[in-house]
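First to last, the protein sequences are chains B and L.
Position one of the first sequence corresponds to residue 816 (the working numbering), numbered consecutively onward.
Position one of the second sequence corresponds to residue 765 (the working numbering), numbered consecutively onward.
Backbone N, C-alpha and C define an ideal beta-carbon position, used for all residues, glycine too.
Structure, as structure tokens:
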Amino acid sequence: MAATVTHSPAEVHVHDEHGHDEHAHGNFWTTYIFSEDHKVIAKQFLITGMIWALIGGILSVLFRLQLGFPEANLSWLKPLLGGWLTAEGKIDPEFYLALVTMHGTIMVFFVLTAGLSGTFSNFLIPLQVGARDMASGFMNMLSYWFFFLSSVVMLTSLFISTGPAAGGWTIYPPLSALPQAISGSGLGMTLWLVSMALFIVSSLLGSINYITTVINLRTKGMTFTKLPLTIWAFFFTAIIGILAFPVLFGAALLLIFDRSFGTSFYLSDIYIGGEALPNQGGSPILFQHLFWFLGHPEVYIVLLPALGLSSEIIATNSRKPIFGYKAMVGSMMFIAILSFVVWAHHMFVTGMNPFLGSIFTLLTLIIAVPSAVKIFNYVTTLWKGNLIFTPAMLFSIGLVSFFLTGGITGLFLGNSAVDIQLHDTYFVVAHFHLVMGSASFFGMMAGVYHWFPKMFGRMMDNRLGYIHFWLTFIGVYLVFFPMHYIGIAGFPRRYYTWTTFETFSGFADLNMLVSIAAIITLSAQFIFIFNFVYAIFRGKKAPANPWNSNTLEWTTPRLPGHGNWPGEIPTVYRWPYDYSKPGAKDDFIPQNVPYSETPESNFPFENEQIKLELGNNGAIVVENKKH
Amino acid sequence: MTSEFRIVEEPKQPLAMNAKKFAMWLFLVSVGMLFAAFSSAYIVRQAEGNWVDFSLPSLFYYTTAIIVLSGISMQWAYFAAKKDEFGKVKTLVGITAVLGIAFLVGQVIGWRQLTESSIYLVGNPSGSFVYILTGLHGAHLIGGIVFLIIVLISAFQMKIHSKNLLQIELCVTYWHFLGGLWIYLFVFLILNR
């Protein structure tokens, strides 16, 4: 009789496994394609993002070939580029502009927004706050498929006969509004706008889900002050996304009306071939205001998740609590707020009122304060830590390095007077590629190396990881550091060639160096791709918690099934950074270990907390533990 | 079998509200940002001059009254659902949907009034903005009417009662948001001629 009602723990376990199997092996389509499981969706985002990163990287090498070797005969690229090569075997000048445009669009939106935020917010939010899944699995699935559709449209635009959009990733009108202006402003631009509209829908669906999950689906005991910094970063990122992306949608909508329905929001007094266009009364500056109101926060949409990931990785691999947890959260919040009031620093040379310019200079320079707080905290976390140099750790330190070197040049560019000289030169290109591009890319790589064992249950190869890191790290500096000099010398960005100007020919060798470094950096990424794909199938099997980390995702089984935890969701008792706590048995105490189990390492106020609970009868739980 | 009693502090479930309601509010925030962007674009563009003045269609006053009425009937339907008055819920949600459609028809006739005073979508941005703002609001309202029809269907299936209010609560929130948004847009357009 008793046997029928009592389950031994083993039986329960078997039962759970069975239940999970039924979910996992439903059907190929529901498991891997139209999955509502946040982990599968995260992997879909990651792999799509990686494909895009490769495409974006190849495009950049194509235009670097033109810039570094303007005289070279590229006819060996005929199979790839076809009609986009001129008779002399050089890249068509208009296609060069399309390459630059598509490189920017792909990297900013498809790789570093969807690929980064989409992957890690989806993967880590439910696992780290202790939830079975996202608030709405269906919306989450929609979010990925809108992104996929948007990707298909953007990819299609690369192959049409008039070429993809070519007005720069910022698609300023009138260049982008008038098909007569440049061949890329025809069908290519239309596809760009359609793709971005779908992308914005995807991003909003994702962001709404992330915020809702963080606020409403935290496990017991997971107060805001016990959230890992990754979650804080994703949370702020999603808030910025919800506030900023609708504005881009508005800007794009007005542009669509200007292009297709003949309105004049952005167009006025334009003559083409001596003929006046009918459009009257518009203002191209209006577009810049709307665009940069998204565009600047977008920088932090890209950067904040990377900062969150690296905070977690640096604390774990320094075996030390993160230095200044509250300062880290506060500075991210401050950055998020400031990101909305600095957009006009992209527009200093549009004839803006100098007084307004000085206000935006001030607001822009204030961003240096929270940024410096973050760098200080990273360095002080590393300071005297028991550093473990996993590839993820190296990439995180690389992020700190780029965030610093790239951030410092921001002080120059944010100054409305200095910006007059530097605006639209390679100095700007160097600045944002270091601080936003490379820093975020390194954060993403760090995240992939660190969470790969939880994603695929296997380990990536460390040695290949080190080779990948050093080649990429040195390569990135070789690509972008010389660009500062080229920019100060006055080279404008997006120019097809400078060889016709005697003044600029002195920098040809530097440009060649940059191009060679770019090719090496891109080649190094294939090491990563090999490592990634090989490890998915043949990698060493990973333990459940390979990095001895504290956060909740490492309390799941090696391959968490649908619902993440086979039994009950763990309860959280402490913050996520109890590394090397004095007196503790191990150098880490996971978040789900109560203070009463670690009397040897508790601080007085932590013991106090247990006592407080003792005094209050209602809050005591007596756990009956059998031996 | 020895058993050991241990005292563990009990962590509380953190503050949370219904996830769907919360998501709805976030959606409203993003729609709000879209219209905030257009409002500021309107003001910035107007400040640059070259701005054609015209009067708004008189019909907009009537459509405003219609949407206010629809807000009242929607709220009433919600109260009825709370009291399990099934018949009333069906009628009132139906009335709200009809009023919503009437509002849309009124807006389109309002556009015709605009064209009669030779203000077209294509032309000076002052006119184009009116079309874009009303059109975009209308597009969101179509979504609201679809939602109302879904609510109406579940009302006929007796799925809306005092124990199952989530769907109608979401619909009420969205509908009031659309009403409030229209009143904001109308006042904004009147004040910024």
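Taking every protein chain shown into account, the CB of L/Tyr825 has fewer than 16 other CB atoms within 10 angstroms, so this residue is exposed.
As for any alpha helix (DSSP H) of minimum length 4 sitting wholly inside the segment 1323-1374 of chain B, the runs are 1323-1353, ordered along the chain. The C-alpha of B/Ile1181 lies about 58 Å from the C-alpha of L/Glu849. Excluding its 5 nearest sequence neighbours in each direction, B/Tyr1115 has C-beta neighbours in its own chain below 7 Å: Ile1055, Ile1150, Ala1151, Ser1154, listed in chain order. Judged by DSSP in its simplified three-state form, B/Tyr1086 adopts strand. Here B/Phe1403 carries a strand assignment [DSSP, helix/strand/coil]. Between B/Asp852 and B/Asp948, the gap from beta carbon to beta carbon is short of 8 Å. Taking a contact as a CB-CB distance under 8 Å, the pair B/Phe1050 and B/Ile1015 does not count as one, their CB atoms being some 20 Å apart. Per DSSP, the continuous alpha helix (DSSP H) segment holding B/Arg879 begins and ends at 853-883.
Contact annotation for L/Asn814 against chain B: Gly1096 [CB-CB distance below 7 Å, chain order]. Chain L has no Cβ within less than 8 Å of the Cβ of B/Ser932. Only residues of its own chain outside the window of five on either side were considered, and among them Ser890 have a CB closer than 6 Å to the CB of L/Trp815, listed in chain order. Remark: C-beta atoms of B/Ala1121 and B/Leu1214 approach each other more closely than 8 Å. Cα atoms of B/Leu914 and L/Val910: separation of roughly 42 Å, rounded to the nearest angstrom. Segment contact: the segment 1058-1075 of chain B against the segment 1165-1172 of chain B, fewer than three CB-CB distances shorter than 8 Å; contact not assigned. In terms of Cβ geometry, B/Arg1033 and L/Pro778 form a close pair [threshold 8 Å]. With respect to the C-alpha of B/Met1274, the residue from B/Asp1239, B/Lys1035, B/Val1263, B/Trp1158 having the closest C-alpha is B/Val1263. The beta carbons of B/Arg1308 and B/Val1243 sit closer together than 8 Å.
Taking 8 Å as the CB threshold, B/Val1062 lines the interface with chain L.
DSSP lists B/Lys1355 as the bridge partner or partners of B/Met1274. Using a Cβ-Cβ cut-off of 8 Å, B/Leu1044 does not count as an interface residue toward chain L, since no Cβ of chain L sits closer than that to its own. Shown in chain order are the members of the segment 790-804 of chain L whose Cβ falls below 9 Å from a Cβ of chain B: Leu790, Phe791, Val793, Ser794, Val795, Gly796, Met797, Leu798, Phe799, Ala800, Ala801, Phe802, Ser804. Residue B/Val1009 holds the alpha-carbon nearest to the alpha-carbon of B/Leu964 among B/Val1009, B/Ala887, B/Pro941.
B/Leu1279 is the residue among B/Pro1372, B/Leu1279, B/Pro908 whose C-alpha sits nearest the C-alpha of B/Phe1345. The C-alpha of B/Ala887 lies about 10 Å from the C-alpha of B/Ile906.
Beyond the five residues adjoining it in sequence on each side, B/Tyr1311 comes within less than 6 Å, by CB distance, of Pro908, Tyr911 in the same chain, given in chain order.
Within the segment 808-865 of chain L, the runs of alpha helix (DSSP H) that reach at least 4 residues and sit entirely inside it are, in chain order, 823-846. By the CB criterion at 8 Å, B/Ala1130 and L/Ala783 fall outside the cutoff. Not flagged as an interface residue toward chain B: L/Ser918, since no C-beta distance is shorter than 8 Å. Separation of B/Gly933 and B/Leu869 (C-alpha to C-alpha, rounded to the nearest whole angstrom) is 17 Å. By the criterion of a C-beta distance shorter than 6 Å, B/Asp1276 is surrounded in its chain by Asn1346, once the five residues flanking it on both sides are discounted. Here B/Asn1168 is exposed: its Cβ has fewer than 16 other Cβ atoms, across all protein chains shown, within 10 Å. At a beta-carbon threshold of 8 Å, none of the residues of chain B lie near L/Ser881; the nearest stands roughly 17 Å away. Take the alpha-carbon of B/Ser972 and the one of B/Asn1379: they are about 39 Å apart. Between B/Ala1332 and B/Gly1302, the C-beta gap is not smaller than 8 Å, which leaves the two residues out of contact.
Contact of L/Val808 with chain B is assigned, a C-beta pair being separated by under 8 Å.
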